[in-house]
Structure formats: structure tokens, C-alpha cells
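Novice: Let me begin by handing over the structure; questions about it come next.
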Amino acid sequence: MSQILLHNTLSRRKEPLQTERPDRVTLYVCGPTVYNYAHIGNARPAVVFDVLARLLRHDYRELLYARNFTDVDDKINAAAAAAGVPIGSITARYIDAYHEDMQALGVLAPDIEPRVTAHIGDIIALVQTLIERGHAYVAEGHVLFEVASYPEYGHLSGRRVEDMLAGARVEVAPYKRDALDFVLWKPSDASQPGWDSPWGRGRPGWHVECTAMIGQHLGHTIDIHGGGQDLIFPHHENEIAQGTCAHGGLYCRTWVHNSFVTVDGQKMSKSLGNVLLVRDLLQQSSGEAIRLALLATHYRRPLDWNEMRLQAAQQTLARLQASLARAADVEADADTGVDDEVLQALRNDLNVSAALARLQVLARQLDAAREPAARRQAKAQLLASGALLGLLQQPVSQPALKQQLAAQGAERQQAEALLAARERARQARDFARADALRAELAQLGFQVEDRATGPQLRAAEPA
Numbered sequence: 002m003s004q005i006l007l008h009n010t011l012s013r014r015k016e017p018l019q020t021e022r023p024d025r026v027t028l029y030v031c032g033p034t035v036y037n038y039a040h041i042g043n044a045r046p047a048v049v050f051d052v053l054a055r056l057l058r059h060d061y062r063e064l065l066y067a068r069n070f071t072d073v074d075d076k077i078n079a080a081a082a083a084a085g086v087p088i089g090s091i092t093a094r095y096i097d098a099y100h101e102d103m104q105a106l107g108v109l110a111p112d113i114e115p116r117v118t119a120h121i122g123d124i125i126a127l128v129q130t131l132i133e134r135g136h137a138y139v140a141e142g143h144v145l146f147e148v149a150s151y152p153e154y155g156h157l158s159g160r161r162v163e164d165m166l167a168g169a170r171v172e173v174a175p176y177k178r179d180a181l182d183f184v185l186w187k188p189s190d191a192s193q194p195g196w197d198s199p200w201g202r203g204r205p206g207w208h209v210e211c212t213a214m215i216g217q218h219l220g221h222t223i224d225i226h227g228g229g230q231d232l233i234f235p236h237h238e239n240e241i242a243q244g245t246c247a248h249g250g251l252y253c254r255t256w257v258h259n260s261f262v263t264v265d266g267q268k269m270s271k272s273l274g275n276v277l278l279v280r281d282l283l284q285q286s287s288g289e290a291i292r293l294a295l296l297a298t299h300y301r302r303p304l305d306w307n308e309m310r311l312q313a314a315q316q317t318l319a320r321l322q323a324s325l326a327r328a329a330d331v332e333a334d335a336d337t338g339v340d341d342e343v344l345q346a347l348r349n350d351l352n353v354s355a356a357l358a359r360l361q362v363l364a365r366q367l368d369a370a371r372e373p374a375a376r377r378q379a380k381a382q383l384l385a386s387g388a389l390l391g392l393l394q395q396p397v398s399q400p401a402l403k404q405q406l407a408a409q410g411a412e413r414q415q416a417e418a419l420l421a422a423r424e425r426a427r428q429a430r431d432f433a434r435a436d437a438l439r440a441e442l443a444q445l446g447f448q449v450e451d452r453a454t455g456p457q458l459r460a461a462e463p464a
């Protein structure tokens, strides 16, 4: 078995995955703050790390995968206050909605979904340890991490402490010893959620929450930590500082971050009115098509969401589903697993584009297979390979399938007409027109082979 290679944010290079145990891998991914419905920016890491989790489960005997819910936060507090309900009413609603949306996208549930409010005791214990070890201090009801006590601070993000200090804004918290010190625990007034602690009634700071939950469920050193690129600094930088200083060892071996999502070239924001909710997109398209659209761009590259992206995903998915529909009466071979080329692509830093291109080849092989045994094997390989990407798993409605097959038939008829027009142009020695028609055929996904018996169409090889 080939090793999995992942781009490690900490080392800034692609490395073979290293795990504490050869047969087991631990993975933690920062989940959503549940005060609203999930948008496509929330969906991208969920889908990306779902593919990674599927690959890890294929390659390792055991995966322990945790993805948290932040269920106490100032935005949650504000939403609860505005509605006149406890924060639990807000978070329960949006946790249920998140589960529904992610299930529709084919995202499998992680092994553990820790919630901050269920780990207050663990958080308090971690804060106490940091104080005892001289890495945190109490000031005016707050507990703060002292960045100066950790010389390695800034390595994940590549920022130098001196530069961060030089660029720091005017200090607005006089109780801090240093502008870079960050809150581990903060006081709550009577109107805010709070818990009793040695430092008074309060609530945890954001950064300390993940470190405490990781320590409780995965251990003090984990194999992979994932999340969006926006979390590198300060959230994950602060996690490393807390975890390392509290326990004195390596916090995480490999850091994996997905890049940003924009909409029509612009950052999502309420002011622009371009925040795309997953549940709204699900009214327009299948969950698998949305998933495919999110995966089509490599996870470390920015992804721009637009109508053409979703249409392209729908067309690609339709072609794959049509191949399976034509083999509906074929029983897949139970002994055939994932295609080797799909596996190699995903093991190479989740090269989903190469894996998707290979899926299209597998679909064409299924179409071309004639012997019963070959058809059984080809169908099984396409299904197993699709499953590793979380695709070709959802049932297609008969009306939708008929529409897909009809569209493919119309596309073929259009291609045949263009081919005939190209041949007429060649006979008339209008080679510029013939080349233009060949380009149109390529846009439809067809290549032309000029043979002695006449021109023939074939499906274009994926790029």
C-alpha cells in the first residue's frame, strides 16, 4: 500500500502521513459555531475532510475522527437574547439543521461530535494546568495565556512575534500583560451564560475549547488536525501554544487546511447578500452535485462558486449516473474494490480532480464492457471508487434519470450534426470552419477521429 501524502501547513510541504500507531489514525476537524444555517463556506471543510476520513478508513484499521460543535459563543448569546430563549434552544435547532444539510451532501458522521458546553470541566482543568505551569495568569476575572512564555509561538502561521507586536492595534484591554496574550476564561454577567470556576462565574475563550476537547477524546498528541485556512491564525496557532505548554509534548503531527470559498469572485457577506446556504442550494440541485462542485477544485486552492460550476458538476454526475443506469440489471462483483488509480490520486494530497477524471474513464469502461464478468467488475469498481469520494451513493429519481438520459441523447444528436457539418466544410476545403466545428465538439465533450472509413466521434479524455 502506498503512503498517504498530505501538505502539512506547519512544514509547508507535502509529507508522508506519520501516525502514533501504524494501524490507527486520529483526526480532529474544527466544526461550526451553531448560530445559523450552514453556508457553502462551512460545507467545504466538511466535505473535504469527509473524503480524507473515507480514505483513512480504507487505508487504516482504525480511524478516530472528531469534529466539534461550538455551542457557546457571543454570536450564539446574541441570537438567544434576541429570541428570548436559552442558548441551548438556538444551538439545538442549528445542530439539527447542520446534520440534515451535511447528510444531504453525503458527509458521514464523525465518530465523536464533542460540544463545548459538555466539556466545561475539562476546559477549567486545562486552564488551571496552564496557570500552574506559568503559562497563564489571572487578571480582573479573566485568565489569559502569556504568549511570551512560549518561544515557538507563530511557527504555524509563519508570523514572527516581533512583527505581530509591531502591527498590533492600540491595546484596549488594560488587564493584559502583552497585546498578544489571549483569553482562556472570561467573566460572565447576569445576562450571559456562565459556569462557576476558581476565577468566578464565566465562560471559556474560543481557542481553549478545542484543545480541551482534543485532550479528552483523542489524547495530548493527535495525528491530523484540519480546518479552514482562516483558522490558521490565531485559532490553531493558539491551540498549539496551549496544548504544548500544558502537556509538554508535540500537539499535532500534520496540519491540513482548506482554502477559502468566494461567490462570483467576491467574499461572502451579509452586506453583499451573497451568503449561499446549503439548504437553499439543495432546493435547486441534488446533494451529490453540490458535493461534486465543492470537490472539483483542489482543497488548497480558493474555490469560486458560480452557476457554471454547479451546472458542470450536474453534467458530470449525470454522465456517471447514466452509465450506471444502463447497467442497472448488472449485479456488481462483490470482490472488486476501489480502482488503484483513484486510490493513488487521493493518497497524493487528495488529488480529487485526478480521481474524478479516472471515474469518467471507469464509466466509459463500463459502457464498453460486453462480457457479463467484465460488466460486473466494471460496475463494482465504479461504485466503490465513487463511494471513496462520497459520490454515486444517492438514489436518482426515475424522472431525473430519464431527463439525464434524454439530455445525453440530445447532446449526442447535436454532436452528430456538428460532425456532419464539419465533414461538409472539409469537403469544401473550408478548413477554418472545420477547425471551429471541431472546437465546438470538444466543448461538448467529444473528440473527432478521422479514419479511412470516415470521421468518428468518441468521448474526450478528461484533462
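If you count the sequence shown from 1, you need to add 1 to reach the numbering used here. Think of the CB as a built atom: it goes at the ideal place given N, C-alpha and C, for glycine as much as any other residue. All values reported here derive from a predicted model rather than from experimental measurement.
Using the beta-carbon count (16 or more within 10 Å), is Met309 buried or exposed?
Specialist: As a first step, residue 309 must be located in the sequence shown, where it is residue number 308. With fewer than 16 other Cβ atoms within 10 Å, it is exposed.
Novice: Helix, strand or coil for Val171 per DSSP?
Specialist: Taking the sequence shown and counting its residues from 1, the one referred to as residue 171 is at position 170. For Val171, the pLDDT reaches just 43, beneath the cut-off of 50, and the residue's location in the model is therefore unreliable, although a value from the coordinates is still provided. Here Val171 sits in coil by DSSP.
Novice: Please confirm if the stretch 371 to 391 is in contact with the stretch 333 to 348, defined as three or more CB-CB distances below 8 Å between the two stretches.
Specialist: Contact between the stretch 371 to 391 and the stretch 333 to 348 is present, because at least three Cβ pairs lie under 8 Å.
Novice: Nearest CA to the CA of Phe234: which residue from Leu442, Arg160, Gly391, Arg254?
Specialist: As a position in the sequence shown, residue 234 is number 233, starting the count at 1. Out of Leu442, Arg160, Gly391, Arg254, Arg160 has the C-alpha closest to the C-alpha of Phe234.
Novice: Compare the beta carbon distance of Phe70 and Pro115 with 9 Å and say whether it is the shorter of the two.
Specialist: The residue you call residue 70 lines up with position 69 of the sequence shown. The residue you call residue 115 lines up with position 114 of the sequence shown. Taking 9 Å as the Cβ cut-off, Phe70 and Pro115 qualify as a contacting pair.
Novice: So what does DSSP say about Asp224, is it helix, strand or coil?
Specialist: Translated into positions along the sequence shown, residue 224 becomes position 223. Residue state, collapsed to three classes: strand.
Novice: Who are the near neighbours of Ala137 in its chain, counting only those whose CB is closer than 7 Å to its CB and skipping five residues on each side?
Specialist: Here residue 137 refers to the residue found at position 136 when the sequence shown is read from its first residue. Closer than 7 Å at the Cβ level, and outside the excluded window around Ala137, lie Val128, Leu131, Val144, Leu145, Phe146, Glu147, Leu185.
Novice: Hey, quick one: how far does the beta strand (DSSP E) through Trp207 stretch, first residue to last?
Specialist: For this step, residue 207 is matched to residue 206 along the sequence shown. No beta strand (DSSP E) contains Trp207, which is instead part of the alpha helix (DSSP H) from 207 to 218.
Novice: Pick out whichever of Glu417, Ser286, Asp60 has its Cα sitting closest to the Cα of Thr20.
Specialist: Along the sequence shown, one-based indexing puts residue 20 at 19. That would be Asp60, whose Cα lies nearest to the Cα of Thr20.
Novice: For the beta strand (DSSP E) holding Asn9, just list the boundary residues, first then last.
Specialist: Residue mapping note: residue 9 aligns to position 8 of the sequence shown, counting from 1. Asn9 -> beta strand (DSSP E) spans 6 to 9.
Novice: Buried or exposed: Phe447, going by 16 or more other Cβ atoms within 10 Å of its Cβ?
Specialist: As a working note, residue 447 is residue 446 in the sequence shown. Buried.
Novice: So, with DSSP's three-state summary, where would you put Gly387?
Specialist: Locating residue 387 in the sequence shown gives position 386, where the first residue counts as 1. It is helical.
Novice: Taking the straight line between their C-alpha atoms, what separation do you get for Ser270 and Ile96?
Specialist: Residue numbering aside, residue 270 sits at position 269 when the sequence shown is read from its first letter. Residue numbering aside, residue 96 sits at position 95 when the sequence shown is read from its first letter. Rounded to whole angstroms, Ser270 to Ile96 spans 22 Å at the Cα level.
Novice: Measuring only the C-alpha atoms, how far is Leu18 from Leu7?
Specialist: On the sequence shown, residue 18 is found 17 positions in, with the first residue counted as 1. On the sequence shown, residue 7 is found 6 positions in, with the first residue counted as 1. Between Leu18 and Leu7, the C-alpha separation is close to 6 Å.
Novice: Distance, Cα to Cα, Glu450 vs Gln444?
Specialist: Walking along the sequence shown from the start, residue 450 turns up at place 449. Walking along the sequence shown from the start, residue 444 turns up at place 443. Spanning the two alpha carbons is a distance of roughly 16 Å.
Novice: I need the straight-line Cα distance from Ala40 to Ala105, nearest angstrom please.
Specialist: Here residue 40 is taken as the residue at index 39 of the sequence shown, counted from 1. Here residue 105 is taken as the residue at index 104 of the sequence shown, counted from 1. At residue 40 the sequence reads His, which differs from the Ala that was named. For His40 and Ala105, the distance between alpha carbons rounds to 13 Å.
Novice: Which runs of the alpha helix (DSSP H) at least 4 residues long sit entirely within the stretch 66 to 140? Give them in chain order.
Specialist: Qualifying alpha helix (DSSP H) stretches, in chain order: 75 to 84, 88 to 105, 121 to 133.
Novice: Take Gly203 as the anchor and find which of Leu232, Ile291, Ile124 has the nearest alpha-carbon.
Specialist: For this step, residue 203 is matched to residue 202 along the sequence shown. Comparing Cα-Cα distances from Gly203 to each of Leu232, Ile291, Ile124, the minimum goes to Ile124.
Novice: Rounded to whole angstroms, what is the Cα-Cα separation between Leu278 and His226?
Specialist: For the purposes of this step, residue 278 is identified with residue 277 of the sequence shown, where counting begins at 1. For the purposes of this step, residue 226 is identified with residue 225 of the sequence shown, where counting begins at 1. Using only the alpha carbons, I get a separation of about 26 Å.
Novice: With Pro17 as the anchor, note down where its beta strand (DSSP E) starts and where it stops.
Specialist: Numbered from 1 along the sequence shown, position 16 holds the residue referred to as residue 17. 14 to 17 is the extent of the beta strand (DSSP E) around Pro17.
Novice: Under 8 Å by Cβ, that's how I've got Leu28 and Ala47 pegged, so tell me the actual separation to the nearest angstrom.
Specialist: Here residue 28 corresponds to residue number 27 of the sequence shown, with the count starting at 1. Here residue 47 corresponds to residue number 46 of the sequence shown, with the count starting at 1. Not really, about 13 Å apart at Cβ, beyond 8 Å.
Novice: Tell me the DSSP bridge mates of Trp200?
Specialist: Locating residue 200 in the sequence shown gives position 199, where the first residue counts as 1. Answer by DSSP bridge pairing: none, since Trp200 is not bridged.
Novice: Closest by CA to Lys177, which one among Ser192, Gly195, Ala149?
Specialist: Along the sequence shown, one-based indexing puts residue 177 at 176. Comparing Cα-Cα distances from Lys177 to each of Ser192, Gly195, Ala149, the minimum goes to Ala149.
Novice: I'd like the span of the alpha helix (DSSP H) that includes Asn43, first residue to last.
Specialist: Residue mapping note: residue 43 aligns to position 42 of the sequence shown, counting from 1. Its alpha helix (DSSP H) spans residues 41 to 60.
Novice: What are the start and end residues of the beta strand (DSSP E) that includes Cys31?
Specialist: Translated into positions along the sequence shown, residue 31 becomes position 30. From DSSP, Cys31 is part of no beta strand (DSSP E); its letter is neither H nor E.
Novice: For Glu424, which three-state DSSP category applies?
Specialist: Sequence index remark: in the sequence shown, residue 424 carries index 423 (1-based). The answer is helix: DSSP assigns Glu424 an H, G or I state.
Novice: Spatial neighbours of Asn349 within its chain, please: C-beta separation below 6 Å, excluding the five flanking residues on both sides.
Specialist: For the purposes of this step, residue 349 is taken as the residue at position 348 of the sequence shown. The residues are Leu6.
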